[in-house]
Amino acid sequence: MNPVRLAVAELRRLTSSRLARLALAALVLIPTLYGGLYLYANHDPYGAFPQVPAAVVSDDTGTTLSTGEKLQVGAGVADHLVESKSFDWHRVSHAEALRGVDDGTYAFAVIMPKTFSADLASTAEMKPRQATVVLETNDANNYMTSMIGSQVIKQVSASVASEVSQTAASKLLLGFSQVHDQLVKAVDGSEKLRAGAAKADSGAHQLSSGATSLASGLHDLTSGARRLATGIGQAASGADSLEAGAGQLASGLGTLQSRTASLPSQTDKLADGAEQVAAGNRTIAGYGTKAATASSDLKRRVAADRASFLDSLRAQGLTDAQLSLVSARLDTIDGYVNRADSTIQSASSDLTRLSQGADQVATGARALANATPALTDGIASAHSGAVRLRDGASTLSSGLDTLRTGADQLATGADKAATGADSLASGATSLASGLDALSKGAIDLHAGLVKGRDSIPDPNDAQRKAMAQTIGNPVGVSTGSLSSAGSYGAGLAPLFMSLALWIGAYVLFLFVRPLSPRALATSQRSIRTALGGWLAPTLVGLVQVASLVLVVGRGVDIKIAHPVLAFLFLCFTSMTFVAILHALAARFGAVGKFLGLVFMVVQLVSAGGTFPWQTLPAPLQAVHHVVPMSHAVDGLRRLLYGADLGPVLGSLGVLTAYLVAALAVSTIAARRSRMWTPKRIKPALEL
Numbered sequence: 001m002n003p004v005r006l007a008v009a010e011l012r013r014l015t016s017s018r019l020a021r022l023a024l025a026a027l028v029l030i031p032t033l034y035g036g037l038y039l040y041a042n043h044d045p046y047g048a049f050p051q052v053p054a055a056v057v058s059d060d061t062g063t064t065l066s067t068g069e070k071l072q073v074g075a076g077v078a079d080h081l082v083e084s085k086s087f088d089w090h091r092v093s094h095a096e097a098l099r100g101v102d103d104g105t106y107a108f109a110v111i112m113p114k115t116f117s118a119d120l121a122s123t124a125e126m127k128p129r130q131a132t133v134v135l136e137t138n139d140a141n142n143y144m145t146s147m148i149g150s151q152v153i154k155q156v157s158a159s160v161a162s163e164v165s166q167t168a169a170s171k172l173l174l175g176f177s178q179v180h181d182q183l184v185k186a187v188d189g190s191e192k193l194r195a196g197a198a199k200a201d202s203g204a205h206q207l208s209s210g211a212t213s214l215a216s217g218l219h220d221l222t223s224g225a226r227r228l229a230t231g232i233g234q235a236a237s238g239a240d241s242l243e244a245g246a247g248q249l250a251s252g253l254g255t256l257q258s259r260t261a262s263l264p265s266q267t268d269k270l271a272d273g274a275e276q277v278a279a280g281n282r283t284i285a286g287y288g289t290k291a292a293t294a295s296s297d298l299k300r301r302v303a304a305d306r307a308s309f310l311d312s313l314r315a316q317g318l319t320d321a322q323l324s325l326v327s328a329r330l331d332t333i334d335g336y337v338n339r340a341d342s343t344i345q346s347a348s349s350d351l352t353r354l355s356q357g358a359d360q361v362a363t364g365a366r367a368l369a370n371a372t373p374a375l376t377d378g379i380a381s382a383h384s385g386a387v388r389l390r391d392g393a394s395t396l397s398s399g400l401d402t403l404r405t406g407a408d409q410l411a412t413g414a415d416k417a418a419t420g421a422d423s424l425a426s427g428a429t430s431l432a433s434g435l436d437a438l439s440k441g442a443i444d445l446h447a448g449l450v451k452g453r454d455s456i457p458d459p460n461d462a463q464r465k466a467m468a469q470t471i472g473n474p475v476g477v478s479t480g481s482l483s484s485a486g487s488y489g490a491g492l493a494p495l496f497m498s499l500a501l502w503i504g505a506y507v508l509f510l511f512v513r514p515l516s517p518r519a520l521a522t523s524q525r526s527i528r529t530a531l532g533g534w535l536a537p538t539l540v541g542l543v544q545v546a547s548l549v550l551v552v553g554r555g556v557d558i559k560i561a562h563p564v565l566a567f568l569f570l571c572f573t574s575m576t577f578v579a580i581l582h583a584l585a586a587r588f589g590a591v592g593k594f595l596g597l598v599f600m601v602v603q604l605v606s607a608g609g610t611f612p613w614q615t616l617p618a619p620l621q622a623v624h625h626v627v628p629m630s631h632a633v634d635g636l637r638r639l640l641y642g643a644d645l646g647p648v649l650g651s652l653g654v655l656t657a658y659l660v661a662a663l664a665v666s667t668i669a670a671r672r673s674r675m676w677t678p679k680r681i682k683p684a685l686e687l
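Every letter in the sequence shown is one number past the one before it in UniProt numbering, and letter 98, counting from 1, is 98.
Here it is as structure tokens:
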């Protein structure tokens with residue numbers, strides 16, 4: 001008998017009567033009722049907060065700011081809460097709010113005390129006070145209302161703090177603008193001061209430089225005046241010497257003039273004689289030239305006739321020895337002729353030079369004769385000039401004496417002026433040094449004021465408003481989610497759908513027999529017996545999954561990102577849960593069913609279906625990683641919300657390991673169940 005036939009037989013047994021069929025239908029619907037109704041009830045509790053009644057009370061009497069502005073924050077907060085419709089807010093009196101929270105009319109009450117605005121405004125004083133918002137709750141109404149009210153108070157505090165911060169920031173920025181305006185004026189004044197100090201400093205330096213130059217010039221003038229006086233004295237002494245020398249020159253020139261009176265006639269005679277000598281020398285030079293010409297011709301003719309003379313002698317029969325003797329005698333004659341020619345040529349050259357020199361002497365003598373009258377006239381003129389020079393030197397000496405006296409006076413006055421200029425230069429230097437410090441201080445002051453002006457913001461009204469809002473609420477929240485559940489109910493769906501499948505599998509074994517007695521009584525293999533006992537409740541479990549997915553997805557309207565994959569994953573989860581409970585029931589009987597209930601509780605508290613598993617106690621954190629429901633919840637979350645599906649394979653791996661292990665335990669239980677014992681025939685406990 002194969003496992004399918006065993007499963008079909010068990011299903012026929014479960015549907016053998018109307019009551020049995022009704023019971024089977026109830027078993028199928030139990031997971032749907034559990035998961036569907038729970039998720040329906042908790043689908044979106046936060047969205048129903050506007051239906052929760054809450055009281056808001058404003059006892060705030062307000063206050064007046066230093067600017068004369070009336071501050072009434074409490075009433076504004078109360079109006080804002082009512083307008084937000086975050087809850088069913090009611091503006092009531094203090095007594096009504098307390099009475100309503102006490103009798104359950106209101107879930108909680110938010111109360112702004114009388115000094116609320118005054119305490120907020122005290123931030124501008126030296127002794128600020130913290131404003132207080134009173135939250136009245138009553139855990140007898142519902143514990144969660146206290147937690148919800150605390151969150152509301154945090155929002156109110158943040159809103160009030162933002163408003164107060166905006167007001168304070170706006171005043172602070174307005175003060176910055178006023179300080180900036182005053183600094184702008186101060187910068188303009190410092191700029192004028194800096195420019196004036198710079199001009200004064202430049203003028204003082206020019207004055208110091210000019211005074212120093214003046215003092216130096218006056219000292220130079222004093223030195224020059226003294227040198228001038230000394231030089232004038234020397235000039236006066238020289239003028240006296242010039243006068244004496246000019247007198248001697250005039251006397252000497254008078255003597256020279258008298259003695260050169262006959263010089264023109266004498267030089268004229270000298271010129272005539274020189275011209276006669278020059279003429280005679282020219283005649284002698286001509287004779288010398290003719291002799292030199294004849295001597296040159298003779299030398300040339302002797303050299304030219306020598307060869308023909310020797311040839312004629314050879315022709316007449318003279319021997320070579322004789323010809324050599326004749327040639328030697330001719331060489332001696334040639335030597336005489338050459339020496340004579342050289343002497344004649346030298347004498348001719350000397351006569352020519354003598355003639356030329358005589359001509360030059362004659363020319364010079366004639367020039368001297370012609371110039372002698374002018375010389376005598378010049379000597380006469382020089383004598384007259386020397387007389388005038390002597391008289392002028394006398395006058396110059398007298399004037400230089402007077403000038404030397406004035407130069408002495410000039411040196412004395414320049415010395416006094418130089419002393420005054422030294423004092424002026426010293427004072428001008430001190431003034432320039434002081435103005436340097438003033439100019440540097442003015443520059444530093446201007447730079448500091450400019451830096452201060454630039455570092456202080458000067459926002460306009462729109463900027464001041466925007467900056468005050470940013471300062472009052474500096475942090476904005478931008479949320480991003482890789483995947484989103486969408487609602488509170490959808491966030492709980494993975495846990496309660498997994499739990500519903502476990503409960504569905506659990507209740508099945510209250511009616512389904514884990515192992516077929518008929519199969520145990522035969523020689524059927526244990527693995528087939530185990531699979532047959534597991535297969536029947538598994539088929540019912542798949543119907544449970546289909547019903548649960550239909551109700552949750554359609555009825556409760558929880559969005560499923562991967563509906564087909566989620567359905568298949570839930571089917572595999574149901575098969576695994578059925579296998580685990582089947583193994584417990586097959587191996588331990590009634591005790592195994594109790595262990596299945598205990599195992600459900602352990603998984604429920606350790607699966608991390610509501611809060612993150614890291615918030616669990618350490619022992620339960622260790623359990624979380626090994627129980628199958630944790631992996632069922634993790635895989636189902638990713639399939640429902642559309643996150644990365646990679647980890648789903650890991651979850652399937654763990655569930656597969658549980659499935660195989662459970663079937664192995666069921667097989668062992670089937671083998672053991674073939675042996676009948678008194679305890680098995682009459683068990684001590686039946687469920």
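Glycine included, C-beta positions come from ideal geometry on N, C-alpha and C.
What span of residues does the beta strand (DSSP E) with residue i cover, start to end?
i	result
Leu135	Val134 to Thr137
Ala111	The question names Ala, but residue 111 is Ile in the sequence shown. Residues Phe108 to Met112.
Which of the three DSSP states, helix, strand or coil, is assigned to residue i?
i	result
Phe611	coil
Arg91	strand
Leu71	strand
residue 701	The first residue shown for the chain is 1 and the last is 687, placing residue 701 beyond what the model contains.
Thr63	strand
Asp79	helix
Leu318	coil
Pro494	helix
Ser86	coil
Ser262	coil
Phe49	helix
Val477	Below a pLDDT of 50, predicted positions are generally treated as unreliable, and Val477, at 43, falls in that range; no measurement from the model is reported.
Val152	helix
Ala195	helix
Lys451	helix
Thr289	helix
Ile558	coil
Arg513	coil
Pro563	helix
Arg282	helix
What are the boundary residues of the alpha helix (DSSP H) that residue i is part of?
i	result
residue 728	Residue 728 lies beyond the residue range present for the chain, which begins at 1 and ends at 687; the question has no answer from this structure.
Ser122	No alpha helix (DSSP H) contains Ser122, which DSSP labels as neither H nor E.
Phe599	Ala590 to Ser606
Thr529	Ser526 to Leu550
Ala618	Ala618 to His624
Arg638	Pro628 to Tyr641
Taking all protein chains shown into account, decide if residue i is buried (16 or more other Cβ within 10 angstroms of its Cβ) or exposed.
i	result
residue 697	The chain is shown only over 1 to 687; residue 697 falls outside these bounds and no answer can be derived.
Asp341	buried
Ser673	buried
Ala225	buried
Ser498	buried
Met112	buried
Ser308	exposed
Ser630	buried
His625	exposed
Leu214	buried
Thr405	exposed
Pro537	buried
Ile333	exposed
Asn138	buried
(request) Could you tell me which uninterrupted beta strand (DSSP E) segments, each at least 3 residues in length, are contained entirely in the segment 365-415, listed from first to last along the chain? (result) none
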